[in-house]
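Engineer: 859 is the number of the first residue of the sequence shown in my numbering; add one for each residue after it.
Built from N, CA and C at the ideal position, the CB exists for glycine as well.
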Amino acid sequence: MDNKSNGKLIALAIGGAVLMGALFFGVSFLTGYKVPAENISAFLTPIRSFSGWFLLIFCASLIIMTLGKMSSRISDRWFLSFPLGALGIVALMFVILWIRPSGILLPTTGRTTTLEGQSIRSVPQLTAFLEGDTDFVNATKESLEKDAADEAAAAAAAPASGETASIDFDAAKKLVDNKCNKCHTLDSVGDKLKKYIKQGETEKIILTMKIVPNSGITDADVKQMVPWFNAKY
């Protein structure tokens, strides 16, 4: 294939990419999409998304083309070119993955975005967010392990569910108001609460609320809330 034909193919590919980008951008707004937070650009978001897919396809095409050219040159003198080339491509992919946190080759924004526009990139950050930690962005595996140890110590030091003498009911009420009224008010389900509490399932109710993502309820909180619920309902 001569250079003129190659130029036409390149022009066709560029034109097709521009057309696809325009269609992707237009369809994004026609579907009524909304960005998850106010500090995220509604204009740049679809462009960034398309750019990511375009670069992925473009790099894959380059790799396939390079491997094709290398394989066509394999002979007694070039028998190592194919495996070495493949190894180099894999090594480059790993280098890109390792450089990612610096933002040199890949963006530093997260894969998951909260309603406040904060990014969640790692499993520890996601775990901290689901547990209701407001400083989840700085969460690490070590900090989660420390928090779990502190929580276990606090739960061990807290009085048993049936002990009410040392319970601070004002603090317990404030705790309940902050952590047990996120989905709905307790007063709206008061009759159901009374029914389950009479059956001795107070702790089960609170544990059910605890497993809800982003509840922020800890084991120590459970022991503090049980006497309050028993006294209230």
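1) Look at the Cβ atom of Phe882, then the Cβ atom of Phe916, and state whether they are nearer than 9 Å.
2) Using the rule of at least 16 other Cβ atoms within 10 Å of the residue's Cβ for burial, across every protein chain shown, is Asp1079 buried or exposed?
3) Starting from Phe1087, follow the alpha helix (DSSP H) in both directions and report where the run begins and ends.
4) Using alpha carbons as the reference points, say which of Pro982, Pro904, Phe1027 and Leu973 lies closest to Thr889.
5) If Ile898 sits next to Thr971, beta carbons under 8 Å apart, how far is it from one beta carbon to the other, in whole angstroms?
6) In the DSSP assignment, find the unbroken alpha helix (DSSP H) run with Asn1036 in it and report its ends.
7) Should the stretch 973-988 be called in touch with the stretch 1041-1060, which here means at least 3 C-beta pairs below 8 Å?
8) Counting C-beta neighbours from all protein chains within 10 Å, is the total for Ser1073 16 or more, i.e. buried, or is it exposed?
9) Give me whichever residues DSSP pairs with Ser977 in a beta bridge.
10) Compute the beta-carbon to beta-carbon distance between Ile1055 and Asn1088, rounded to the nearest angstrom, for a pair I have assumed lies under 8 Å.
11) May I ask you to report which of helix, strand or coil DSSP gives Gly990?
Structural biologist: Let me spell this out:
1) Counting from one through the sequence shown, the residue named residue 882 turns up at place 24. Counting from one through the sequence shown, the residue named residue 916 turns up at place 58. The answer is no: Cβ separation not under 9 Å.
2) Taking the sequence shown and counting its residues from 1, one reaches residue 1079 at position 221. The Cβ neighbour count for Asp1079, taken over all protein chains shown within 10 Å, is at least 16; the residue is labelled buried.
3) Within the sequence shown, residue 1087 is the residue found at index 229, counting from 1. For Phe1087, the enclosing alpha helix (DSSP H) begins and ends at Asp1077 to Lys1090.
4) Here residue 889 refers to the residue found at position 31 when the sequence shown is read from its first residue. That would be Pro904, whose Cα lies nearest to the Cα of Thr889.
5) Position 40 of the sequence shown holds residue 898. Position 113 of the sequence shown holds residue 971. Between Ile898 and Thr971 the beta-carbon gap is near 7 Å, inside 8 Å, which marks them as a contact.
6) Locating residue 1036 in the sequence shown gives position 178, where the first residue counts as 1. Note, Asn1036: alpha helix (DSSP H), Phe1027 to Lys1037.
7) Taking a cut-off of 8 Å for Cβ pairs, the stretch 973-988 and the stretch 1041-1060 do not touch, as fewer than three such pairs fall below it.
8) Counting from 1 along the sequence shown, the entry for residue 1073 is found at position 215. Ser1073 counts as buried, since at least 16 other C-beta atoms from the protein chains shown sit within 10 angstroms of its C-beta.
9) Along the sequence shown, one-based indexing puts residue 977 at 119. DSSP lists Thr971 as partners of Ser977.
10) On the sequence shown, residue 1055 is found 197 positions in, with the first residue counted as 1. On the sequence shown, residue 1088 is found 230 positions in, with the first residue counted as 1. Going by Cβ atoms, the distance from Ile1055 to Asn1088 rounds to 6 Å, so yes, they are a contact pair.
11) Locating residue 990 in the sequence shown gives position 132, counting from the first residue. It is coil, neither helix nor strand.
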